[in-house]
Structure formats: structure tokens, C-alpha cells
Amino acid sequence: MLRSVTRDVLQNIDLIVYDMAGTTVQEGGIVYKTLQNAIREDGMQITDEQMHPWHGAKKEAVIEHFARQAGTPEHELEARVVKVGEWFMNAIDDIYFAEASTIDHIDIGLLGYFRQLKAAGIKIGLDTGYPPNIQEGLVKKLGFDKVVDGYISSYQVTEGRPYPYMIHRLMEQLRIEDVNRVAKVGDSARDIEEGRNAGCGLVVGVLSGADDFDTLMSAGADIVCNFVTDLPVPHVRAKTSSMRLPDLS
147 MLRSVTRDVL QNIDLIVYDM AGTTVQEGGI VYKTLQNAIR EDGMQITDEQ MHPWHGAKKE
207 AVIEHFARQA GTPEHELEAR VVKVGEWFMN AIDDIYFAEA STIDHIDIGL LGYFRQLKAA
267 GIKIGLDTGY PPNIQEGLVK KLGFDKVVDG YISSYQVTEG RPYPYMIHRL MEQLRIEDVN
327 RVAKVGDSAR DIEEGRNAGC GLVVGVLSGA DDFDTLMSAG ADIVCNFVTD LPVPHVRAKT
387 SSMRLPDLS
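See below:
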């Protein structure tokens with residue numbers, strides 16, 4: 147049973163930061179399967195159970211973890227991470243952007259829903275563990291560039307999820323002052339932990355991707371719903387000036 151979602155849950159939110167794979171992008175877990183295959187191709191043994199907790203993490207961090215676990219000498223570690231990372235990048239690029247690709251929005255009405263949120267005065271950001279070129283390719287392929295206000299990759303900050311840096315960077319870029327008026331939405335425990343670490347006023351788990359209800363709630367989600375579009379659009383708010391006079395005291 148899902149935690150109750152009230153009509154005004156987004157009423158005091160100025161920015162929603164959404165994860166991509168499994169949250170706004172329907173891709174059937176391909177990114178994780180492909181990364182797992184890349185690691186296996188390099189001779190490392192990795193089970194589905196071992197891979198699952200790494201959903202939402204920066205890809206190099208995942209590769210490095212399993213390379214260390216496999217006993218890779220320190221002086222060979224960087225080269226091995228680069229090698230596996232390149233295999234992954236080439237494979238995911240083919241799968242995501244081939245003519246026969248089935249990558250799509252998580253919900254048929256997603257772009258319309260985003261437009262309603264923007265009309266209600268809410269800015270929209272995307273954050274991801276994808277490398278920047280993959281993220282940008284998906285943003286353009288799926289038309290997100292026409293509706294979102296900003297997007298960022300974990301490769302553009304010091305650390306990816308569960309660190310809070312992507313959320314804070316988006317706040318800076320989009321001129322959002324109060325983290326209590328920011329919502330984080332994602333399908334993995336790492337998304338939830340990222341939102342909590344950032345101090346977001348609302349952290350939402352969705353069941354359209356990696357983790358189940360209990361896992362998301364245990365990670366600290368305020369509410370859990372099936373899809374991002376289940377969150378009710380708030381009433382349109384009156385526009386107010388965001389300019390503030392500098393403190394000269």
C-alpha cells in the first residue's frame with residue numbers, strides 16, 4: 147500500500163529534481179544490465195544481487211568497486227576502470243540511440259505533466275549517473291530539452307549519489323534559495339539518500355524502476371507512488387519577484 151499523497155504535497159515546492167533511468171525514462175534497466183555485462187566481459191564475476199545496491203551510482207565507482215573486489219592491483223586499477231567504462235559507453239550508446247531503440251518516457255503523459263508543473267510555478271531538473279553525453283543525447287531524443295529547466299550528470303560534480311552535490315548545483319544554476327522548497331524524486335535508495343543528504347523538503351520514491359516500497363521507505367522517502375505523474379499538480383501560484391536586496395549590514 148502506498149503512503150497517502152495529498153493534493154497539496156507540491157504546494158510549497160519551487161524545484162523538483164528527477165532521476166532519469168527508471169524514474170522519467172523507461173529503459174527496462176538496460177543501463178544496469180549493460181554495465182554488468184561490461185564488468186563480466188573483463189573477467190570479473192558479478193551477480194544480479196551484487197549489482198542491485200549500486201543502482202543510481204556513478205558508473206566508474208561501480209566498476210572500481212568490483213575491480214578492487216576482484217583483486218586488481220592498485221597500479222592497474224585506473225586502466226581497468228577506463229577499459230570497462232569505454233566498453234560500457236560504446237554498448238549503451240548503440241542500445242539507446244539505435245534506430246530500433248525502445249527507450250521512451252516513463253509515462254505517455256509525462257511531457258504534458260511537466261508543462262502543468264511549470265505552469266504552476268515549479269521548475270524541473272534532471273540528475274543522473276549517466277555520463278554527460280549520454281544524458282544530453284537522451285534529453286534531446288525524448289524532448290526533455292523543451293520542458294526541463296536544467297539537468298546535470300554525476301560526472302560534473304565531485305561525487306554522485308548519495309552525495310547531495312548534483313541537487314545543490316542545480317539549485318545554484320536555477321537560482322533556488324531554499325532547499326526546503328526542493329523535492330527529489332527517484333526510483334532507487336541512492337536517490338532517496340541523495341535527497342535526504344541534500345536537505346530536501348520532500349523526498350519521493352517511485353516504483354517504476356529499481357527498488358520496492360519497503361526499500362525506498364527504509365532509505366527515508368516521505369512518500370512512495372507508482373509513477374512521477376501520480377504526484378498531484380498544485381494550484382497555480384501567483385508570481386512574485388525572486389529578486390532580493392543585498393544585505394549591507
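Residue numbers (the numbering used here): 147 to 395.
For every residue, glycine included, the Cβ atom is placed at its ideal position computed from N, Cα and C.
As the structure is a computational prediction, the values presented were derived from the model and not from experiment.
According to DSSP, simplified to helix, strand and coil, what is residue i?
| i | result |
| --- | --- |
| residue 153 | coil |
| residue 112 | An answer regarding residue 112 cannot be provided, because it is not within the stretch 147 to 395 covered by the chain. |
| residue 159 | coil |
| residue 332 | strand |
| residue 230 | helix |
| residue 172 | strand |
| residue 256 | helix |
| residue 167 | strand |
| residue 324 | coil |
| residue 288 | coil |
| residue 377 | coil |
| residue 221 | helix |
| residue 382 | coil |
Nearest CA to the CA of residue i: which residue from the options?
| i | options | result |
| --- | --- | --- |
| residue 164 | 317, 364 and 380 | 317 |
| residue 179 | 169, 162, 198 and 253 | 198 |
| residue 326 | 342, 315 and 312 | 342 |
| residue 171 | 381, 382, 374 and 378 | 374 |
| residue 216 | 244, 161 and 185 | 185 |
| residue 167 | 276, 246 and 200 | 276 |
| residue 201 | 356, 224 and 381 | 356 |
| residue 376 | 160, 226 and 259 | 259 |
| residue 218 | 205, 203, 188 and 182 | 188 |
| residue 295 | 320, 314 and 305 | 320 |
| residue 371 | 175, 358, 289 and 239 | 358 |
| residue 174 | 233, 238 and 345 | 238 |
| residue 279 | 312, 236 and 245 | 236 |
| residue 247 | 345, 208 and 284 | 284 |
| residue 324 | 287, 348 and 306 | 348 |
Looking at the unbroken beta strand (DSSP E) that takes in residue i, where does it start and where does it end?
| i | result |
| --- | --- |
| residue 273 | 269 to 274 |
| residue 296 | 296 to 299 |
| residue 369 | 369 to 371 |
| residue 353 | Where residue 353 is concerned, there is no enclosing beta strand (DSSP E), given that its DSSP letter is neither H nor E. |
How far does the alpha helix (DSSP H) with residue i in it extend, from its first residue to its last?
| i | result |
| --- | --- |
| residue 311 | 311 to 319 |
| residue 186 | 176 to 187 |
| residue 360 | 359 to 365 |
| residue 196 | 194 to 197 |
Report yes if the C-beta of residue i is less than 8 angstroms from at least one heavy atom of the ligand NAD; otherwise report no.
| i | result |
| --- | --- |
| residue 301 | Ligands displayed in this structure: none; no statement on the ligand NAD is therefore possible. |
Give me the Cβ distance between residue i and residue j, rounded to the nearest whole Å; I'm assuming they're in contact under 8 angstroms.
| i | j | result |
| --- | --- | --- |
| residue 282 | residue 310 | Residue 282 to residue 310, Cβ: 23 angstroms. No contact. |
| residue 336 | residue 308 | 5 angstroms |
| residue 223 | residue 205 | Going by Cβ atoms, the distance from residue 223 to residue 205 rounds to 15 angstroms, so no, they are not a contact pair. |
| residue 272 | residue 290 | 7 angstroms |
| residue 293 | residue 261 | 6 angstroms |
| residue 160 | residue 328 | 7 angstroms |
| residue 209 | residue 177 | Contact doesn't hold; Cβ gap of about 13 angstroms is too wide. |
(message) If contact is defined by three or more beta carbon pairs under 8 angstroms, each pair taking one atom from either stretch, is the segment 317 to 332 in contact with the segment 349 to 367?
(response) yes
(message) For the structure I just gave you, are there three or more beta carbon pairs, one from the segment 155 to 172 and one from the segment 265 to 275, closer than 8 angstroms?
(response) Output reads yes: the segment 265 to 275 touches the segment 155 to 172.
(request) For the segment 358 to 371 and the segment 188 to 198, state whether three or more C-beta atom pairs, one from each stretch, are separated by less than 8 angstroms. (result) no
(request) Determine contact between the segment 300 to 317 and the segment 246 to 254, defined as no fewer than three beta-carbon pairs at a distance below 8 angstroms. (result) no
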